[in-house]
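Letter by letter, the sequence shown follows residues 52 to 347 in our numbering.
Cβ coordinates follow ideal geometry from the N, Cα and C atoms, glycine included.
Below you'll find the structure, written out as structure tokens, and then a few comments.
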Amino acid sequence: MKVLIFGGFGFVGKNLIEELTGEYEIIVIDKNIDENFAQRITNMKWYKFDFSSQKELEKIISKEKPEYIINLISYVTSERELNLFPKMIEDNLNIFLKIYEASKKLESLKIMLQFGSGEEYGNISAPFKEENKEEPSSPYAVAKQITTNTALMLNRNFNYPVCIIRPSNLFGKYQNTSKFIPYILEKLRKNEEILTSFGEQKRDFIYAEDFSKIIKDLLKNSEKIRGEVVNVGSGISISLKEIILYLKKKLNSNSKIKFGAIPYRKNEMMNFCLDISKLENILNKKLNLEWKDKIN
52 MKVLIFGGFG FVGKNLIEEL TGEYEIIVID KNIDENFAQR ITNMKWYKFD FSSQKELEKI
112 ISKEKPEYII NLISYVTSER ELNLFPKMIE DNLNIFLKIY EASKKLESLK IMLQFGSGEE
172 YGNISAPFKE ENKEEPSSPY AVAKQITTNT ALMLNRNFNY PVCIIRPSNL FGKYQNTSKF
232 IPYILEKLRK NEEILTSFGE QKRDFIYAED FSKIIKDLLK NSEKIRGEVV NVGSGISISL
292 KEIILYLKKK LNSNSKIKFG AIPYRKNEMM NFCLDISKLE NILNKKLNLE WKDKIN
């Protein structure tokens with residue numbers, strides 16, 4: 052069976068590829084190619100592609116005939132300026148629509164996993180359930196929600212086999228050091244001063260390898276998830292302050308932590324936590340996704 056992954060050479064994609072390789076033939080479409088990584092993966096081919104040609108995209112998909120498509124392409128940022136909307140819409144809604152147009156007649160397709168975001172829920176009471184009314188508070192989250200609604204409409208009206216995955220905060224191997232946990236780890240290892248907010252905001256983290264195993268399980272349950280939104284997280288929220296202090300103690304770091312040196316963002320999400328009961332029902336098992344001991 053073939054899995055086509057858009058944006059497969061990013062952080063999430065690499066972890067997914069390592070989990071899926073061996074069971075699936077993997078095809079990656081990405082504008083940035085990591086040849087060193089690609090050479091280590093057997094049973095994988097890749098295409099360097101930037102979505103400039105719809106005909107070329109249709110040609111690739113028609114040739115490969117994947118059973119599964121995973122779209123990881125997204126422009127992710129914590130910034131909230133309105134001038135980001137054009138970029139957000141292009142990298143979320145427009146790219147999804149291009150993939151849809153190229154794959155809508157694909158008879159082999161069992162499921163298309165479109166990655167949304169837990170940020171679509173916005174500042175509502177946690178834990179967030181899939182049926183909650185979303186209140187997105189950033190251009191990124193709004194673009195994701197628009198894409199989600201479009202995908203679900205295409206499923207309702209044209210039976211397009213799509214599922215929206217709403218992940219929590221991932222961390223793990225291959226992650227850029229600009230992200231929270233690797234950034235804090237780097238500072239602590241160097242015993243450097245850390246300027247941060249008061250750290251009272253809570254986040255739901257999930258280890259990338261655990262996340263990838265869940266995605267593999269969802270592929271095997273494709274008939275259950277068509278037309279659905281599915282949260283994928285640990286289901287546990289923890290304050291950023293607690294994480295920083297835990298890592299400082301674990302690494303025996305001499306870093307000075309200045310809590311409150313940076314203000315909270317406007318309309319900051321103070322408790323981000325996903326309800327994963329729907330995910331557990333789909334997989335027919337309870338998930339234990341404790342992640343602290345996996346930070347290294």
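| Item | Value |
| --- | --- |
| Which class does Q165 belong to by DSSP, given the choice of helix, strand or coil? | strand |
| In the DSSP assignment, the alpha helix (DSSP H) including K345 goes from what residue to what residue? | First-last for K345: undefined, no H or E at that position. |
| Report the CB separation of F62 from K82 in whole angstroms; it is logged as a contact under 8 Å. | About 15 Å separates the two Cβ atoms, so there is no contact after all. |
| Tell me, to the nearest whole angstrom, how far the beta carbon of L144 is from that of I215; I am working on the premise that it is less than 8 Å. | About 13 Å separates the two Cβ atoms, so there is no contact after all. |
| Suppose contacts are defined by Cβ-Cβ distances below 8 Å. Is V54 in contact with Y119 by that definition? | yes |
| Check whether the Cβ atoms of S285 and W342 lie closer than 8 Å to each other. | yes |
| Return the bridge partner residues of F222 from the DSSP annotation. | Y258 |
| For my contact list, P218 and G278 are in at a C-beta cut-off of 8 Å; report their separation, rounded to the angstrom. | Not a contact, Cβ separation roughly 19 Å. |
| Return helix, strand or coil for E76, following the three-state DSSP convention. | strand |
| Y191 and M139 look like a contact to me (Cβ under 8 Å); what is the Cβ gap, rounded to whole Å? | 6 Å |
| In whole angstroms, give me the CA-to-CA distance for V213 and I333. | 15 Å |
| In chain order, what residues of the same chain lie with their CB nearer than 8 Å to the CB of M95, ignoring the 5 residues before and after it? | I68, T72, E76, I77, I78, V79, A89 |
| Could you tell me whether the Cβ atoms of E70 and S263 are closer together than 8 Å? | yes |
| Unbroken alpha helix (DSSP H) runs of length 4 or more, entirely within the region 316-340: which are they? | 328-334 |
| If we count the other Cβ atoms within 10 Å of its Cβ and call it buried at 16 or more, is F209 buried or exposed? | exposed |
| Which residue's Cα is closest to the Cα of L291: S304, M320, N272, V281? | M320 |
| My understanding is that A259 touches K230, with C-beta atoms under 8 Å, so please give their C-beta distance in whole angstroms. | Not confirmed; about 11 Å, so no contact. |
| For a test of the three-state rule: what should DSSP assign to R277, helix, strand or coil? | coil |
| Only counting runs of 4 or more residues, tell me where the alpha helix (DSSP H) segments fall wholly within the region 93-148, in order along the chain. | 105-115, 136-140 |
| Less than 8 Å between the CB atoms is what I'm expecting for N200 and S188, so what's the real figure, rounded? | Not really, about 17 Å apart at Cβ, beyond 8 Å. |
| What ranges does the beta strand (DSSP E) occupy inside the region 186-251, keeping only unbroken runs of at least 3 residues that lie completely in it? | 213-218, 220-222, 245-247 |
| DSSP puts L55 in a beta bridge; with which residues? | I78, I120 |
| Between N206 and the rest of its own chain, which residues show a CB-CB distance below 8 Å, the 5 nearest in sequence each way excluded? | P212, V213, R277, G278 |
| Decide if M163 is buried, meaning its Cβ has at least 16 other Cβ atoms within 10 Å, or exposed. | buried |
| Please report the distance separating the alpha-carbon of N335 from that of L270. | 14 Å |
| Would you mind sorting I313 into buried or exposed? The rule is 16 or more other CB atoms within 10 Å of its CB. | exposed |
| Within 10 Å of its beta-carbon, does A246 have 16 or more other beta-carbons around it, so buried, or fewer, so exposed? | Position check: residue 246 holds Leu in this sequence, whereas Ala was assumed. Counting Cβ neighbours within 10 Å, L246 comes out exposed, since fewer than 16 surround it. |
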